[in-house]
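Going by numbering that gives the first Met the number 0, the residue at position 175 of the sequence shown is 174; the numbering climbs one at a time, nothing skipped. Have a look at the structure below before the remarks.
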Amino acid sequence: MNQERKRNNIFQLIIIVAAACLIHGIMQGVHDNYGIMMNSLTSVTGIDYASISFCIGVGALVYGFSQPFLGMLALKKSNTFVIMLGIIFTVSGLIITPLCRNFFTLLLFFGLILPFGTTGLCFGIVMGAITPVLGEERAAYISGIVQASAGIGDALMSPGLETLISKFGIQAAMCTLSIPVLVIIPIVIWIASINKKAAVAVQTKSEKPASLFSILKNAFQDRDYRLILIGFATCGFNMSIIESHLFSQFRSYGITGETASLTLTVYGIATMLGAAGAGFLGVRYQMKNVLGCVYTIRVLISLGFLFLPKSVPFAFIVTALLGLSGDSTVPPTSGIISKKFGAEKMAVIYGFALIGHQVGAFASSFLGGVLVRAGLGYTPLWIINMCLSAIAAAASFSIHKDNITVHQS
């Protein structure tokens with residue numbers, strides 16, 4: 000009987016992790032493909048590249064600033080409630096964005112509503128939904144697997160979106176993209192039912208939830224959290240270059256749209272390997288050192304963009320390296336935060352760290368559009384990225400040892 004129960008528990012664990020990966024992967028499939036949508040939106044809406052870059056930059060800020068507040072909403076309501084909210088906003092943004100014909104409506108739906116929706120499906124919220132079943136110990140390395148699922152969005156949805164846009168246009172493509180988002184609904188209902196008892200058990204043991212101010216005050220008093228914020232802000236700058244400008248940058252080298260979208264498939268596969276690998280390395284080695292090494296790799300990648308000749312092989316190699324170092328910052332970052340402050344507060348504190356991440360994302364999204372319009376190209380972005388990555392590496396290596404749990408009240 001005990002053996003059968005154990006088998007059932009393992010099977011349930013596998014299914015719930017797979018469900019979480021699917022939710023997060025679909026969200027990233029929307030969030031990471033704004034760059035592919037840009038050129039088509041320019042022609043359909045009549046709005047210039049720099050203005051659409053600004054909308055993506057605003058969306059990056061929305062994605063960051065709304066995370067701690069949605070994390071608090073998840074504490075008060077539930078993580079599944081927030082995910083359902085995210086689905087509604089994401090689908091609305093996808094369907095209405097191609098219909099926009101002026102800057103302000105595009106800003107509303109592409110820059111505010113759509114990114115707010117994807118925030119409700121973000122890593123911290125998804126992990127919060129399944130942690131009651133996993134427990135903190137398992138969550139440490141499973142977080143790497145869940146983050147790795149972000150690669151699904153690039154490996155499968157990037158070339159699919161490019162094909163849909165080229166054959167049927169941006170409106171049909173974005174409406175089609177809303178279908179997998181709607182598929183999340185029954186999955187969320189199932190997760191809510193299967194972890195209900197575990198969630199109730201956690202709630203009955205805990206005190207009344209602390210306020211957002213007190214949670215963040217405790218976090219900012221921690222030196223290591225401040226160092227994490229420095230690193231994560233530079234991470235956002237790097238990631239938004241990939242999400243917003245890399246596709247167009249490869250096209251500027253004379254690479255076809257089909258080949259450029261294929262490089263994003265390589266990026267997605269590499270992202271999965273990098274994130275999963277970082278999760279497992281973080282269990283074996285100091286997470287701060289794993290994090291510092293990832294940022295160091297980004298310095299080397301930036302040097303490659305500055306000095307190596309640009310070609311199709313270069314595009315594939317550098318995109319693979321960008322993928323390996325892309326989402327691999329998330330498992331060690333979230334792991335350090337979870338160990339220091341507790342898994343139940345992770346969505347809020349990690350979410351606030353993402354504000355810095357998205358401020359960096361806004362900077363590179365907007366700055367890239369301005370530089371291209373000014374005729375300066377993408378080189379200045381990679382120079383800035385190299386310097387910021389070096390700062391992030393130094394900050395990460397300076398974090399105290401992270402193998403001791405020191406939850407703060």
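All C-beta atoms, glycine included, are put in the ideal place defined by N, C-alpha and C. A quick note: this is a predicted structure, and the numbers were derived from the prediction, not measured.
Mapping the DSSP letters down to three states, classify residue i as helix, strand or coil.
{"i": "Thr-255", "result": "coil"}
{"i": "Gln-285", "result": "coil"}
{"i": "Leu-307", "result": "coil"}
{"i": "His-409", "result": "A query on residue 409 cannot be resolved here, the shown segment of the chain reaching from 0 to 408 and no further."}
{"i": "Arg-100", "result": "coil"}
{"i": "Asp-223", "result": "helix"}
{"i": "Ala-18", "result": "helix"}
{"i": "Lys-216", "result": "helix"}
{"i": "Cys-121", "result": "coil"}
Within this structure, are the beta carbons of residue i and residue j separated by less than 7 angstroms?
{"i": "Ser-388", "j": "Tyr-294", "result": "yes"}
{"i": "Ile-124", "j": "Asn-78", "result": "yes"}
{"i": "Val-329", "j": "Gly-70", "result": "no"}
{"i": "Ile-227", "j": "Met-286", "result": "no"}
{"i": "Ala-149", "j": "Thr-332", "result": "no"}
{"i": "His-413", "j": "Thr-118", "result": "In this structure the chain extends from 0 to 408, so residue 413 is not present and cannot be described."}
{"i": "Gln-146", "j": "Leu-353", "result": "no"}
{"i": "Cys-54", "j": "Phe-109", "result": "yes"}
{"i": "Gly-291", "j": "Ser-395", "result": "yes"}
{"i": "Gly-359", "j": "Ala-275", "result": "no"}
{"i": "Val-73", "j": "Phe-361", "result": "According to the sequence provided, residue 73 is Ala. The question's Val does not apply to it. The answer is no: Cβ separation not under 7 angstroms."}
{"i": "Ala-391", "j": "Gly-127", "result": "no"}
{"i": "Gly-256", "j": "His-356", "result": "no"}
Does residue i pass the burial test, meaning 16 or more other C-beta atoms within 10 Å, or should it be called exposed?
{"i": "Ala-232", "result": "buried"}
{"i": "Ala-17", "result": "exposed"}
{"i": "Asp-223", "result": "buried"}
{"i": "Leu-133", "result": "buried"}
{"i": "Asn-101", "result": "exposed"}
{"i": "Lys-344", "result": "buried"}
{"i": "Phe-212", "result": "exposed"}
{"i": "Lys-339", "result": "buried"}
Enumerate in chain order the residues of its own chain whose CB-to-CB distance from residue i is below 7 angstroms, with the five nearest sequence positions on each side excluded.
{"i": "Phe-315", "result": "Thr-262, Val-265"}
{"i": "Leu-366", "result": "Leu-380"}
{"i": "Ser-157", "result": "Asn-32, Ile-35, Ser-260, Leu-263, Thr-264, Gly-267"}
{"i": "Gly-368", "result": "Tyr-48, Ala-49, Ser-52, Phe-53"}
{"i": "Glu-242", "result": "Asp-31, Tyr-33, Gly-34"}
Is the shortest distance between the beta-carbon of residue i and the beta-carbons of chain B less than 7 angstroms?
{"i": "Ala-373", "result": "Within the model displayed, chain B is absent; a lone protein chain is all it includes."}
In its own chain, which residues sit with a C-beta less than 6 angstroms from the C-beta of residue i, not counting the 5 before and 5 after it?
{"i": "Leu-111", "result": "Val-61"}
{"i": "Cys-174", "result": "Ile-94"}
{"i": "Met-385", "result": "Val-298, Ser-301"}
{"i": "His-244", "result": "Gly-367"}
{"i": "Ala-198", "result": "In this prediction, Ala-198 has a pLDDT of 49, which is less than 50 and means its spatial position is unreliable; nothing more can be read from the coordinates."}
Please work out which residues of its chain come closer than 8 angstroms, Cβ to Cβ, to residue i, disregarding the five sequence neighbours upstream and downstream, and give them in chain order.
{"i": "Ile-86", "result": "Gly-116, Gly-119, Leu-120, Val-180, Leu-181, Ile-183, Ile-184, Val-187"}
{"i": "Phe-80", "result": "Leu-72, Ala-73"}
- [ ] Return the chain-ordered ranges of every alpha helix (DSSP H) run that is complete within the region 286-362 and spans a minimum of 4 residues.
- [x] Entirely contained in the region 286-362, the alpha helix (DSSP H) runs reaching 4 residues are, in chain order, 286-306, 311-325, 329-340.
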